[in-house]
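The structure appears below as structure tokens.
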Amino acid sequence: MGQFRKNRLGMLGAVLVILIAAIAIFAPLMITHDPIRIMVGPRLAAPSLDFLLGTDQLGRDTFSRTIMGGRIPLLVAFASLGSSLAVGLVLGLIAGFGPRWLDNLLLLLFDTIRSFPSIIFALAMIALLGPSLASVILVIAITSMPIYARVVRTQTEALRSSEYIAVERSMGAGTTRILAVHVLPNVFGPLLILVSMDVPAVIAIEAGLSFLGMGVRPPTPDWGAILNDGYSYINQTPWLVIAGGIPIVLATLGFTFLGEALRDIFDPKLRKDL
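Residue numbers (full-length UniProt numbering): 1 to 274.
Structure follows, in structure tokens:
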């Protein structure tokens, strides 16, 4: 913890992440208007005391939509990465500790998935499944899984041939005990670093898909959708672009700084005083 406090960017990242998460959790208590309510009068209005960030092309309160819109990217990030982490962990352990033929088969699966560019694969899958929140989560989980599985496989394979694992085996320890006691604690650090640094990428992908109209469906508030509306009406008002873009930038910076700080702490080769 002391090492983390010395990292100023890491502390800044932690503050941003906590702030964004708190806003997403308590969003219903913070909004000033119904985020999906269409109002005929104040369309594309400038910020005022009544509408803190103005209104969009349908008269909806931009501030309330921005506050509620943070829930979707965080939900997609944690649901997709959590799923891919769980599956990747299991498959990585199997590949690293299983027979060689199974390891080769799983490596072929990982390489096949990773051979497709993530965005192209996402667009193809969503075009096939239809735009929805579940489709976005599924696509990101599938494309992220091989990364975690390969990391776990590499760590497991290295530990498998270590001396203390051989000693454990000679003392009668089973595979389950070896994996749970010796392997999992050693792969936790690298996985935590990867997840924290993948969150901003997932937020950007989700926002990009919503920007293209292939993410969550209207009228659900979402940063990418707000940004798309902003570019459509940027000649009339800049506030929609600002409201949709700044949260994405802050979330990306927060998770990136946090991930780099965790990397410095958990990776002894990169550890340094900041």
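Ideal Cβ positions, reconstructed from N, Cα and C, are used throughout, including at glycine.
- Message: Using a 10 Å radius around the Cβ and a threshold of 16 neighbouring Cβ atoms, would you call N235 buried or exposed?
- Response: On the sequence shown, position 235 is the one that residue 235 refers to. That one is exposed.
- Distance, Cα to Cα, T176 vs P221? Counting from 1 along the sequence shown, the entry for residue 176 is found at position 176. Counting from 1 along the sequence shown, the entry for residue 221 is found at position 221. Looking at the two C-alpha atoms, the distance is approximately 45 Å.
- Within 7 Å, strictly: CB atoms of S144 and S84: Looking up residue 144 in the sequence shown gives position 144. Looking up residue 84 in the sequence shown gives position 84. Yes, the pair counts as a contact, with Cβ atoms nearer than the cut-off.
- Mind checking who V61 pairs with in its DSSP beta bridge? In the sequence shown, counting from the first residue as 1, residue 61 sits at position 61. For the record, residue 61 in the displayed sequence is Asp; it is not Val. D61 is bridged to T55.
- Task: Have a look at P146, V181, I147 and flag the residue whose alpha-carbon is nearest the alpha-carbon of R160.
- Result: For this step, residue 160 is matched to residue 160 along the sequence shown. Of the listed residues, the one whose Cα sits closest to R160 is V181.
- Query: Taking the continuous alpha helix (DSSP H) assigned at V151, which residues delimit it?
  - Reply: Working through the sequence shown from its first residue, we reach residue 151 at position 151. First-last of the alpha helix (DSSP H) with V151: 133-160.
- Three or more C-beta pairs closer than 8 Å, one from the stretch 201-211 and one from the stretch 28-36: is that the case here? As far as the Cβ criterion goes, the stretch 201-211 does not touch the stretch 28-36, which means the pair count is below three.
- Query: Any chance the stretch 40-49 sits against the stretch 71-90, with 3 or more Cβ pairs inside 8 Å?
  - Reply: no
- Is W101 buried or exposed, if buried means 16 or more other CB atoms sit within 10 Å of its CB? To locate residue 101, count along the sequence shown from 1; it is residue 101. Counting of Cβ neighbours within 10 angstroms places W101 among the exposed residues, the total staying below 16.
- Task: Assuming P200 contacts A251 (C-beta within less than 8 Å), just tell me the rounded distance between them.
- Result: Here residue 200 refers to the residue found at position 200 of the sequence shown. Here residue 251 refers to the residue found at position 251 of the sequence shown. Correct: roughly 7 Å between the Cβ atoms.
- Within this structure, are the beta carbons of Y148 and G88 separated by less than 7 Å? Your numbering for residue 148 matches position 148 in the sequence shown. Your numbering for residue 88 matches position 88 in the sequence shown. In contact: Y148 and G88 (Cβ atoms closer than 7 Å).
- Euclidean distance between Cα positions of F110 and V90: Taking the sequence shown and counting its residues from 1, the one referred to as residue 110 is at position 110. Taking the sequence shown and counting its residues from 1, the one referred to as residue 90 is at position 90. The straight-line gap from Cα to Cα measures roughly 13 Å.
- Task: For L270, count neighbouring Cβ atoms within 10 angstroms of its own Cβ and tell me buried if that reaches 16, exposed if not.
- Result: As a first step, residue 270 is located in the sequence shown; it is residue number 270 there, counting from the start. Only weak support is given to the placement of L270: the predicted model assigns it a pLDDT of 46, under 50, and the value that follows is read from those uncertain coordinates. That one is exposed.
- Query: Straight-line CA distance for G59 to R37?
  - Reply: Within the sequence shown, the letter at position 59 stands for residue 59. Within the sequence shown, the letter at position 37 stands for residue 37. Computed Cα separation, rounded: 8 Å.
- Which class does T256 belong to by DSSP, given the choice of helix, strand or coil? Translated into the one-based positions of the sequence shown, residue 256 becomes position 256. Helix.
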